[in-house]
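Quick note: the sequence shown, position 111, residue 115 per the numbering used here, numbers continuous.
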Amino acid sequence: MENCLFCKFIQEHNQKVYEDELFYIIKDINPQAPLHYLAIPKTHFKYLTEMQESDIANLGKIFAKIGEISIDTLHLDGGYRLVINQGDNAGQTVPHLHIHILGGKEMGWNPA
Ligand code: AMP
Ligand code: ZN
5 MENCLFCKFI QEHNQKVYED ELFYIIKDIN PQAPLHYLAI PKTHFKYLTE
55 MQESDIANLG KIFAKIGEIS IDTLHLDGGY RLVINQGDNA GQTVPHLHIH
105 ILGGKEMGWN PA
């Protein structure tokens, strides 16, 4: 998708923490926890409701992979939180679905 930051990053980002054929992971530029990554599918869609069948299948694989690499690659010993902001009330600012991966400290439970 033209003019989409996260589509551009597929080609242009040179500090990917992880990448395979389905998605890539980068560090968030404005971290909300000591460790804050973004896992970004390589197909462009904003909402879960826009997923094609292949996106639905791939999202399951992406979650599984995040779990698999959580300690060795992402250093999320002690646990982590996954967040997907959907729409304005959630504060979604980039219209390309992404999974926030937060960790590196014990967190409270306040989504404000
Ligand atoms: P959201 O508000 O859920 O759409 O999340 C978008 C996230 O992208 C925010 O946490 C931003 O800090 C992050 N972000 C925006 N621009 C960049 C960038 N150039 N590199 C890395 N993260 C970014
Ligand atoms: Zn995109």
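For each residue, glycine too, the CB sits at the ideal point set by N, CA and C.
Fair warning: this is a prediction, and the values are worked out from it, not measured in the lab.
Beta-bridge pairing of residue i - partner residues as DSSP gives them
i    : result
P35  : DSSP output for P35 lists no bridge partner at all.
E23  : Y28
L106 : H40, R85
P45  : F27
Alpha-carbon spacing of residue i relative to residue j, whole angstroms
i   : j    : result
K65 : D24  : 11 Å
F13 : N114 : 30 Å
K20 : Y28  : 7 Å
G71 : I44  : 15 Å
Q96 : H102 : 10 Å
Closer than 7 Å: residue i CB and nearest ligand 1 heavy atom
i    : result
T47  : no
H102 : yes
T53  : no
Closer than 7 Å: residue i CB and nearest ligand 2 heavy atom
i   : result
H17 : no
F10 : yes
Sub-8 Å separation of residue i and residue j beta-carbons
i    : j    : result
G107 : G83  : yes
C8   : H100 : yes
Residue i burial status per 10 Å Cβ neighbour count (16 or more: buried)
i   : result
Y41 : buried
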